[in-house]
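Asks:
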Amino acid sequence: MKKIIFIMVILCTALSCDVLDVEPQNSISAEQAFKTKEDIDKGILGAYASFQSLSYYGRTFGLFSDLAADNLSHPLAATASSYAEVNNNNILPENGSVDGIWSLAYDGINVANNVIDKVPTIADMTEQERNEALAELYFIRALNHFNLLNYFGGVPIKVGPTVGVTNLDAPRNSVEEVYSQIINDLNFAVEFLPVSGVKIRASNAAAKGLLAKVYLYKQDYALAIELASDVITNGGYTLPPNYSDVFADDESSESIFEIAFTQLERNRIAEYNFPQSLNGRREVEPSQDLLDAYEADDERFEGSIAFEGDKAYAIKYDDLSLGADNYIILRLADLYLIRAEAEASLAAPNAGSVQFDINQIRVRAGLQPTTESSIPQLIRIIEDERRLEFAFEGQRWFDLVRTDRAIVLLPNVNSPNQTLFPIPLDEIQTNNSPGMVQNPGY
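Take 0 as the starting number for the sequence shown in numbering that gives the first Met the number 0 and just add one per residue.
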């Protein structure tokens, strides 16, 4: 976090400005920047901007989760050495792409914290407007902390703004402490975020859905079921009849929250997936193990994978020319499988309820519903369904790590130490807190 030396929130067109700058001569003071509720709203939009970075949802974050697991491979002809390290689960602390994930997540947290700090000072905001603004910022902060937690384990919790060159050194917090902060932020978001059909900004359903996922990861299964059920029943979202429709256009009927991209704030996901003959870089490709995992009639195969000759490539995000595909963070299928897994993990699970949720996903994919009643087998079916349903959406690594299945299924993961990414070397070298220590094995 030494990199976060100066934060500026520029009053500029929403989602088209660089809100982070280490050069103070191009900045304006916080007092000048925040005077009205419109200024706060622009600051909130600035807090979303870090998600659009190429080191974040613009490319690396999602690709690495599938690459570290068994959905993507790094072709022999590919050139990105940082990707090869992740593919081999032999990551160096100086890996620049991993450093980018860390830095951009904390940049997003810090921008949110700077705006949070100014919300109480705005005279023309009602109490409801203040609470809604804070709720959206807390959602952004929670998502960033959650993403850091899933890649790196216990990380420094940042809930105050960093401005200037003070307060940069911070110790690592425990996993439980990070979870507690995430849950506190999301509970506030659930209480005050409005019901909204806008999917590129946080809504009440997005906060509930993300909190359901957090509780699943934390193994608080009853709460995961409660929140997932709320979104499924009351959110107004529907599964499109055709799986490919989820990705055909932005903001489908299934989408709950997604990161906005345009030709100005473009992603490079398709560029890294597509073969060179189609003007891509082909830094990643679907693994043969994934290709073999699909059942014969699974419509998700054609909705996820295409071929150029004999070369398979991922097509969920396929706007190679503009990079203007929105990146889906949360959709209804996830809530069904969250609820199914949470129900199956209870002390007294209901196999019928688990089957029901699994079959919402299987039938939409063109498959026969499962009749399996064994809870251990249903848990394995959920694992497989999550793999195929969310292939190339950046979930596979986190699913295998949180369920202790990474060492069982991944040949390049031989130690629990490899289930966490290394804290970036730059952070270790510049963060002088005695509580900033490297993950074991690095």
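Yeah, the Cβ is synthetic: ideal placement off N, Cα and C, and Gly gets one too.
Quantities reported herein were computed from a predicted structural model and do not represent experimental measurements.
What runs of the beta strand (DSSP E), each 3 residues or longer, lie entirely inside the stretch 154-194?
Replies: None, since the stretch 154-194 contains no complete beta strand (DSSP E) of that length.
Asks: Does the beta-carbon of R265 have 16 or more other beta-carbons within 10 angstroms, so that it is buried, or is it exposed?
Replies: If you number the sequence shown from 1, residue 265 lands on position 266. By the neighbour-count rule (16 or more Cβ atoms within 10 Å), R265 is buried.
Asks: Output the boundary residues of the beta strand (DSSP E) element that contains R330.
Replies: Here residue 330 corresponds to residue number 331 of the sequence shown, with the count starting at 1. Start and end: Y326 to R330.
Asks: Taking the alpha carbon of G57 as the point to measure from, which residue in A32, I43, T429 and L103 has its own alpha carbon closest?
Replies: As a first step, residue 57 must be located in the sequence shown, where it is residue number 58. Checked all of A32, I43, T429 and L103; the closest Cα to G57 is L103.
Asks: Short check: CB of Y326 to CB of F391, under 8 Å?
Replies: On the sequence shown, residue 326 is found 327 positions in, with the first residue counted as 1. On the sequence shown, residue 391 is found 392 positions in, with the first residue counted as 1. It is not a contact, given that the beta carbons lie outside the stated cut-off.
Asks: Taking the alpha carbon of V213 as the reference point, which residue from N203, S202 and A227 has its own alpha carbon closest?
Replies: Within the sequence shown, the letter at position 214 stands for residue 213. Looking at the Cα atoms, A227 is the closest of the given residues.
Asks: Look at the alpha carbon of P433 and the alpha carbon of E342, and state the distance between them as a whole number of angstroms.
Replies: On the sequence shown, residue 433 is found 434 positions in, with the first residue counted as 1. On the sequence shown, residue 342 is found 343 positions in, with the first residue counted as 1. So the two alpha carbons sit approximately 41 Å from each other.
Asks: Out of P170, A339 and I255, point me to the one whose CA is closest to Q448's CA.
Replies: As displayed, the chain neither begins before 0 nor continues past 441, which places residue 448 out of reach and without an answer.
Asks: Could you work out which residue in I100, L62 and G45 is closest to G393 when comparing CA atoms only?
Replies: In the sequence shown, counting from the first residue as 1, residue 393 sits at position 394. G393 has its Cα closest to that of L62, out of I100, L62 and G45.
Asks: Three-state secondary structure (DSSP) at L62?
Replies: For this step, residue 62 is matched to residue 63 along the sequence shown. Reduced to three states, the DSSP call for L62 is helix.
Asks: Per DSSP, which one or two residues make a beta bridge with Y312?
Replies: Stepping through the sequence shown from its first residue, residue 312 is reached at position 313. Its beta-bridge partners are A305.
Asks: According to the Cβ coordinates, are A323 and Q262 closer than 8 Å?
Replies: Along the sequence shown, read from residue 1 onward, the residue named residue 323 stands at position 324. Along the sequence shown, read from residue 1 onward, the residue named residue 262 stands at position 263. Their beta carbons are under 8 Å apart, which means A323 touches Q262 by this criterion.
Asks: Helix, strand or coil: which one does DSSP assign to L75?
Replies: For the purposes of this step, residue 75 is identified with residue 76 of the sequence shown, where counting begins at 1. L75 falls in the coil class under three-state DSSP.
Asks: How far does the beta strand (DSSP E) with S80 in it extend, from its first residue to its last?
Replies: As a first step, residue 80 is located in the sequence shown; it is residue number 81 there, counting from the start. Counting along the chain, S80 falls outside any beta strand (DSSP E), though it belongs to the alpha helix (DSSP H) covering S80 to N86.
Asks: Quick check on the burial criterion: 16 or more other C-beta atoms within 10 angstroms. Buried or exposed for V164?
Replies: Position 165 of the sequence shown, counted from the first residue, corresponds to residue 164. Because V164 carries a pLDDT of 48, less than 50, the predicted location of this residue cannot be relied on, and the following value inherits that uncertainty. Label assigned to V164: exposed.
Asks: Give the DSSP bridge partners of S254, in chain order.
Replies: Numbered from 1 along the sequence shown, position 255 holds the residue referred to as residue 254. Paired residues: R330.
Asks: Can you tell me where the alpha helix (DSSP H) holding P410 begins and where it ends?
Replies: For the purposes of this step, residue 410 is taken as the residue at position 411 of the sequence shown. Looking at the DSSP string, P410 is not in any alpha helix (DSSP H), and its letter there is neither H nor E.
Asks: Using three-state DSSP, classify Q24 as helix, strand or coil.
Replies: To locate residue 24, count along the sequence shown from 1; it is residue 25. With a pLDDT of 31 at Q24, under the threshold of 50, the modelled position of that residue is not reliable, and no figure is offered here.
Asks: Just to confirm my understanding: we take F33, look at its own chain, exclude 5 residues before and 5 after, and list those with CB closer than 8 Å. What are they?
Replies: As a working mapping, residue 33 is identified with position 34 in the sequence shown. Taken in chain order, the residues that qualify are V8, I39, G42, V114, K117, T120 and I121.
Asks: How should Q367 be labelled, buried or exposed, when 16 other C-beta atoms within 10 angstroms of its C-beta is the threshold for buried?
Replies: As a working mapping, residue 367 is identified with position 368 in the sequence shown. The residue is exposed, with fewer than 16 neighbouring Cβ atoms inside 10 Å.
Asks: How many Å lie between S414 and N146 at the Cα?
Replies: Looking up residue 414 in the sequence shown gives position 415. Looking up residue 146 in the sequence shown gives position 147. Using only the alpha carbons, I get a separation of about 22 Å.
Asks: Would you mind stating whether L377 and A292 have Cβ atoms separated by less than 8 Å?
Replies: The residue you call residue 377 lines up with position 378 of the sequence shown. The residue you call residue 292 lines up with position 293 of the sequence shown. No, they are not a contact pair.
Asks: Let me know if E161 comes out buried or exposed under the rule of 16 or more other beta-carbons within 10 Å of its beta-carbon.
Replies: On the sequence shown, position 162 is the one that residue 161 refers to. First, the residue type needs correcting, since residue 161 is Thr and not Glu in the sequence shown. T161 comes out buried.
Asks: Tell me the rounded alpha-carbon separation between L19 and T370.
Replies: Within the sequence shown, residue 19 is the residue found at index 20, counting from 1. Within the sequence shown, residue 370 is the residue found at index 371, counting from 1. At L19, the pLDDT of 27 sits below 50, so the modelled position is not reliable; the number obtained from the coordinates is stated separately. For L19 and T370, the distance between alpha carbons rounds to 53 Å.
Asks: Please list, in chain order, all residues of the same chain as E128 whose beta carbon is under 7 Å from its beta carbon, the five residues on each side excluded.
Replies: What you label residue 128 is simply residue 129 of the sequence shown in a count that begins at 1. Answer for E128: K36, listed in chain order.
Asks: Can you grab the Cα-Cα spacing for the pair V158 / S179, in whole Å?
Replies: Mapped onto the sequence shown, residue 158 falls at position 159. Mapped onto the sequence shown, residue 179 falls at position 180. Each residue's Cα considered, the two are about 13 Å apart.
Asks: For E426, does the three-state DSSP call read helix, strand or coil?
Replies: For the purposes of this step, residue 426 is taken as the residue at position 427 of the sequence shown. Note: E426 maps to helix in three-state DSSP.
Asks: For P423, which residues in the same chain have their Cβ closer than 7 Å to its Cβ, ignoring the five residues on either side in sequence?
Replies: On the sequence shown, position 424 is the one that residue 423 refers to. Contacts found: P92, V97, D98 and W101.
Asks: From Q77 to W396, what does the alpha carbon distance come to, in whole angstroms?
Replies: The residue given as residue 77 occupies position 78 in the sequence shown. The residue given as residue 396 occupies position 397 in the sequence shown. It should be noted that the sequence gives Ala, not Gln, for residue 77. Taking the straight line from one Cα to the other gives about 21 Å.
Asks: Applying the 10 Å Cβ sphere with the 16-neighbour rule, what's the burial state of F306?
Replies: Locating residue 306 in the sequence shown gives position 307, counting from the first residue. With fewer than 16 other Cβ atoms within 10 Å, it is exposed.
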